[in-house]
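Below you'll find the structure, written out as structure tokens, and then a few comments.
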Ligand code: ADP
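Numbering (the working numbering), first residue to last: 488 to 972.
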């Protein structure tokens, strides 16, 4: 059994530093996807609570914006220390609501701490410019200022670190924030409220509410006090939020869906490619936006690669989050399992072969067998749609030109991967792929130091890297004249 810490199991919104229920007193249930058991209930908030949270964030902004970068960095370092100190209860809570193996949950919590540390450091490097003036008696300065109140909406696949990537740069820049975590995983979101209070972050700087996504999203996008929307989730919802942000001309950052190709050329180190494919495909049970959706393997090594991939897939242990050696947890809910069944049925009907897996796992609930499908074809549904589950379709290709065209033939452009030992090909292919993130001979590349973000319909803006703070800043040009020089 996972132990749920009472300190972090918060079942109230945090608005202006107070822990409060929804106005109506209504709640909704949160369940453990591995067991179907109810963990508890959290507030079903809507427009009115969101409006109050925005007002609280705005009031807090008026003073928080004036704090020094050094002070904000100190607050963030304290926050990071608390995350590390409470890694275990935070990881247990995360696993309970999300299902991922405890080792992955711990790694996610550490990743959150790393984001907080990174942006604590970046806070002190928000440099502006002085520009040579065309006028002898004037001087030109370009300064950076926090954009203001930020509205953040996050998904359930990384319920802690997706908020870290938004809360940390927002605070580093001097912004305040209203967060709405996903319905399936609100506890890891609300836990940020406990951590921020402990770290001494002033009331109203970080507000968190759970509830009706449509109502909360409408208020966050319509309210003129919110100056920026940052969203991680599906392209479908991202487009809704973009549209809703138009009337008040908000800044937007969108981390949306992906359809990552994973290309293995004849000259690749096959064992390394299999290892990378396992990581890129099955991490978080296939539920990440950078998970590979399509494995393209060159014809000469196709059979060998498939053989090794199937062997490695079958070696993965599926089970409960806290069981020793488990690397695959459940999917988030029943709908996700049904979607996987549908992908398999569609592929089989169109000539695909199930090399391993293909069905619900005997553990029931959200569990699905890690699956490899060979003879995958473009006409199959998963070549266009994000799988978000443990299914690895393997396509055969012949030439570099052909595979580049196939890989780019999607409206998405988040992550892609390829394996080759040829230096010229490394440059040719990484330049030809229309993606925001490219892994060459690596299956997992996300790190706080590098900018994460997609092109095409996968998004706008970057999270992480020195770029990650820029979206929370406005540039202001100040012209100082009459200097009498
Ligand atoms: P997923 O398919 O991964 O669940 P979603 O895009 O549906 O991705 O969800 C990501 C986040 O967006 C969640 O917090 C969810 O509650 C929220 N969300 C869903 N629909 C809307 C909406 N219409 N407006 C605002 N937020 C929404």
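Note that the Cβ used here is the ideal one computed from N, Cα and C, for glycine as well. Note that the structure is a prediction, hence the values are computed from the model and not measured.
Would you check whether the ligand ADP has a heavy atom nearer than 7 Å to the C-beta of residue i?
i           : result
residue 721 : yes
residue 670 : yes
residue 641 : yes
residue 724 : yes
residue 727 : yes
residue 667 : yes
residue 816 : no
residue 680 : no
residue 777 : no
residue 701 : yes
residue 946 : no
residue 704 : yes
Compute the beta-carbon to beta-carbon distance between residue i and residue j, rounded to the nearest angstrom, for a pair I have assumed lies under 8 Å.
i           : j           : result
residue 853 : residue 586 : 6 Å
residue 824 : residue 588 : About 18 Å; that fails the 8 Å criterion.
residue 770 : residue 778 : 7 Å
residue 946 : residue 712 : That belief does not hold up - the Cβ atoms of residue 946 and residue 712 are roughly 24 Å apart, past 8 Å.
residue 826 : residue 876 : 7 Å
residue 783 : residue 748 : 6 Å
residue 837 : residue 864 : 6 Å
residue 681 : residue 651 : Incorrect: roughly 14 Å between the Cβ atoms, too far for contact.
residue 683 : residue 566 : 7 Å
residue 904 : residue 773 : About 15 Å separates the two Cβ atoms, so there is no contact after all.
residue 703 : residue 968 : Actually they do not touch by this definition, with Cβ atoms about 46 Å apart.
residue 861 : residue 793 : 6 Å
Skipping 5 residues on each side, what residues in its chain have a beta carbon closer than 6 Å to that of residue i?
i           : result
residue 755 : 906 and 907
residue 576 : 492 and 495
residue 523 : 852
residue 819 : 520, 643 and 671
residue 452 : For the chain, the structure presents residues 488 to 972; residue 452 sits outside this window and is missing.
residue 677 : 497 and 695
residue 725 : 718, 741 and 743
residue 722 : 743, 744 and 944
residue 735 : 711
residue 540 : 502, 665, 694 and 696
Identify, in the order they occur along the chain, each residue of the same chain with its Cβ nearer than 7 Å to the Cβ of residue i, setting aside the five sequence neighbours on each side.
i           : result
residue 939 : 924, 933, 949, 950 and 951
residue 970 : 624, 625 and 626
residue 661 : 551, 552, 554, 559 and 633
residue 716 : 638, 707, 708, 728, 732, 737 and 739
residue 510 : 535 and 536
residue 599 : 570, 647, 648 and 651
Keeping to the same chain, check which residues put their C-beta closer than 8 Å to that of residue i; ignore five residues upstream and five downstream.
i           : result
residue 664 : 544, 636, 637, 638, 639, 653, 654, 657, 658, 692, 693 and 694
residue 765 : 796, 799, 800, 803 and 930
residue 528 : 498, 514, 515, 516 and 517
Within the segment 844-929, ranges of the alpha helix (DSSP H) (whole runs, at least 4 residues) = The segment 844-929 contains these whole alpha helix (DSSP H) runs: 887-895 and 910-919.
Counting only runs that start and end within the segment 685-736, where is the beta strand (DSSP E) found for 3 or more residues in a row?
-> Taking only runs of at least 3 residues, the beta strand (DSSP E) segments lying wholly in the segment 685-736 are 693-695 and 713-719.
Whole alpha helix (DSSP H) elements within the segment 776-851, 4-residue minimum | Whole alpha helix (DSSP H) segments, 4+ residues: 789-801 and 821-836.
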